[in-house]
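Chains as they are written, first to last, in our numbering: chain A, 1 to 181; chain B, 182 to 349.
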């Protein structure tokens with residue numbers, strides 16, 4: 001954040017890379033259409049960049065970004081409802097439009113199937129990992145433990161933890177890559 | 182060949198790189214589609230393991246933001262506000278005011294009475310002779326006795342008593 005505060009735009013790029021999935025995931029709770037959710041998430045980051053002057057470090061950056069994301073998503077839904085209402089001739093349709101955000105789900109059966117496959121492949125890949133790798137990645141991803149804590153828990157050097165987690169990711173990626181390509 | 186970079190991407194996801202290393206890696210990743218895809222997949226795996234939910238981001242997602250940010254002016258950010266220890270600050274202000282008052286009073290005093298001796302000299306107790314002390318004490322007793330004797334209301338002093346006192 002210090003680098004961003006000094007005007008380093010590439011440092012902000014890093015924050016985008018770091019939080020992009022979490023923000024899209026969050027926005028997707030409000031905006032069901034995946035492509036619209038990604039647009040709203042992009043707006044969130046742009047708004048955050050423009051509002052950097054308001055960020056005083058009193059809260060964590062993600063907490064601040066989280067609030068911007070929620071407000072952006074809500075504003076998006078509101079403006080979409082208004083836009084729809086402007087063009088609707090029949091007032092009776094208004095109620096239908098109000099519920100459109102909840103009802104509109106653009107996940108096609110193909111997309112849903114693909115997502116299910118991805119989750120399944122990852123789970124199977126995890127199960128097939130050697131025990132030490134599986135424990136290391138599980139402690140990291142499920143328990144959110146730091147490398148230092150994992151090293152202590154597994155009674156091994158941090159370098160070994162680093163290597164095990166990386167090897168685990170590589171093994172999973174090997175199964176996942178053909179599916180995504 | 183890409184293995185060390187892939188390992189760094191794994192560390193980046195886990196926040197195990199310092200900011201310099203992370204930025205350096207990011208620059209490398211941005212110029213390499215294969216690494217970019219690797220980063221996306223690692224993040225996808227992480228997301229699925231954490232939430233059991235799967236969102237495949239548009240491969241251009243971050244790039245679109247990067248391009249837009251490049252066109253934005255730099256927004257300077259105020260420095261992080263310094264937390265003030267009000268207790269210490271209050272003491273410092275009080276001490277400063279006290280010092281200024283003492284200094285100011287001394288200066289004004291010297292201007293009004295340049296030949297006056299310092300306060301320290303005045304503070305030395307004056308030597309009083311025993312006889313003088315007795316006289317003063319007698320004067321006090323006489324005045325007090327007159328007041329009680331003449332009138333129960335001590336604030337009203339009869340003319341005769343005042344004259345007598347002065348004459349003695």
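Glycine included, each C-beta is placed from N, C-alpha and C at the ideal position.
For residue 159 (chain A), no CB of chain B lies under 8 Å from its own CB, so it is not counted at the interface with that chain.
For residue 249 (chain B) against residue 46 (chain A), the beta-carbon gap comes to about 6 Å, under 8 Å, which counts as contact.
Of all C-beta pairs linking the segment 37-46 of chain A to the segment 238-249 of chain B, three or more are shorter than 8 Å, placing the two stretches in contact. In the three-state reduction of the DSSP assignment, residue 29 (chain A) falls in the coil class. For residue 79 (chain A), the nearest beta carbon of chain B is not closer than 8 Å to its own beta carbon.
It is roughly 10 Å from the alpha-carbon of residue 186 (chain B) to the alpha-carbon of residue 192 (chain B).
Contact between residue 51 (chain A) and residue 23 (chain A) does not hold, since the beta-carbon distance rounds to 15 Å and is not under 8 Å. Under a criterion of Cβ atoms nearer than 7 Å, the residues of chain A adjacent to residue 245 (chain B) are, in order, 42. Not one beta carbon of chain B lies nearer than 8 Å to the beta carbon of residue 61 (chain A). Around the C-beta of residue 189 (chain B), 16 or more other C-beta atoms lie within 10 Å, and the residue is accordingly described as buried.
When CB distances to chain A are screened at a threshold of 9 Å, the residues of the segment 211-230 of chain B falling below it are 211, 218, 219, 220, 221, 222, 223, 224, 225, 226, 227, 228, 229, 230, in chain order. In chain order, 235 make up the part of chain B whose C-beta sits under 7 Å from the C-beta of residue 115 (chain A). Assignment of residue 242 (chain B) by DSSP, reduced to helix, strand and coil, places it in the helix class.
Rounded to the nearest angstrom, the gap between the Cα atoms of residue 233 (chain B) and residue 219 (chain B) is 20 Å. Residue 213 (chain B) carries a coil assignment under DSSP once its states are collapsed to helix, strand and coil. As the crow flies, the alpha-carbon of residue 150 (chain A) is around 35 Å from that of residue 6 (chain A). Each residue's CA atom was taken as its position, placing residue 17 (chain A) and residue 72 (chain A) some 19 Å apart. Look at residue 142 (chain A) here: in three-state DSSP terms it is coil, with no helix or strand label. Here residue 235 (chain B) really is in contact with residue 119 (chain A); their C-beta atoms are around 6 Å apart, less than 8 Å. Contact annotation for residue 187 (chain B) against chain A: 166, 169, 170, 173 [CB-CB distance below 9 Å, chain order]. Chain A has no Cβ within less than 8 Å of the Cβ of residue 183 (chain B). In terms of CA proximity to residue 180 (chain A), A:121 leads the group A:130, A:109, A:121. Spanning the alpha carbons of residue 231 (chain B) and residue 141 (chain A) requires a straight line of approximately 6 Å.
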